[in-house]
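Participant: My questions will all concern the structure given below.
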Amino acid sequence: MKYIILFLFTFFAYQTFAQDGFLPMDSEKNILYSDSGKPELSKMEIYKKAQEWVSKTFGNYENAVTGDSQEIGRLLITSYVPVSHPLYEYVRFDLSIECRDTMYMAKISKLDGISTLRSPARLGARENDMITAKEIAVKTETNRKKKSVAQEALQLAKAGNEAINNAMYNLLGSLKVSVTAKDSH
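Numbering-wise, the sequence shown is residues -18 to -1, 1 to 167 according to mature numbering (1 follows the signal peptide of the UniProt record, and there is no 0).
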């Protein structure tokens, strides 16, 4: 049942948040994914569920968590997720989870593309600007062969960004399912 809910949430999140190949940006042009939930739990219960989710999702709690404040109800995680991107095999990210009574807020930021062939690169507005430039190239190109090449490049760039979006939204969806799930004990 949990997996059906996760699938449905991921599907709807993808449909709702999909930006046609664009990465979500905050007002300062930094990539930012965020989600919140309102489980009917205390701050400590939400915090414990978030800790369990971190251990289950990333394997080693100590390696993933870079900041942990039980009093404040905040977890800071730095980790990697595999992606099907033309330039990167993994995306490194920072995830902050803030827990309050009957509410939590999760934010994913500071994304870096990781590849075995090149140095890590901070992802940001440049990725969206490349999509826009490729869209313009497709619209303005008159040569049929060059237009076809430009369309391929555009689709590849969009697919790469969508792979990043899917990975991040899947993480947020998985967290939501874990934190808001009723205990089956």
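The C-beta atom is built at its ideal place from N, Cα and C for all residues, glycine as well. As the structure is a prediction and not an experimental result, all values here were calculated from the model.
With DSSP run on the structure shown, which of helix, strand or coil describes Ala139?
Facilitator: DSSP places Ala139 in helix when its eight states are reduced to three.
Participant: Report the residue from Ile113, Gln133, Lys89 and Glu80 whose alpha carbon sits nearest the alpha carbon of Ser24.
Facilitator: Considering only alpha carbons, the answer is Glu80.
Participant: For Glu80, which beta-bridge partners are listed by DSSP?
Facilitator: Answer is Arg56 and Met87.
Participant: Does DSSP classify Tyr29 as helix, strand or coil?
Facilitator: Reduced to three states, the DSSP call for Tyr29 is helix.
Participant: Going by C-alpha distance, which of Val47, Gly41, Lys38 and Gln52 is nearest Glu27?
Facilitator: Ranking Val47, Gly41, Lys38 and Gln52 by Cα distance to Glu27 puts Gln52 first.
Participant: Within its chain, find whatever has a CB closer than 6 Å to the CB of Thr60; leave out the 5 residues flanking it on each side and keep chain order.
Facilitator: Answer for Thr60: Thr48 and Asp76, listed in chain order.
Participant: On the three-pair Cβ rule with 8 Å, is the segment 83 to 97 touching the segment 7 to 17?
Facilitator: Yes, since at least three Cβ pairs between the segment 83 to 97 and the segment 7 to 17 fall closer than 8 Å, the two stretches touch.
Participant: Under the rule that 16 or more other beta-carbon atoms within 10 Å means buried, what is Leu99, buried or exposed?
Facilitator: Classification of Leu99: exposed, given that the 10 Å Cβ count is below 16.
Participant: Since I believe Lys116 is in contact with Ala139 (beta carbons under 8 Å), could you give me their beta-carbon distance rounded to a whole number of angstroms?
Facilitator: Indeed, because the Cβ distance is near 6 Å, the residues count as touching under 8 Å.
Participant: Less than 8 Å between the CB atoms is what I'm expecting for Lys11 and Ala107, so what's the real figure, rounded?
Facilitator: Confirmed, about 4 Å.
Participant: Using DSSP with H/G/I as helix, E/B as strand and the rest coil, what is Arg100?
Facilitator: Of the three classes helix, strand and coil, the one that applies to Arg100 here is coil, per DSSP.
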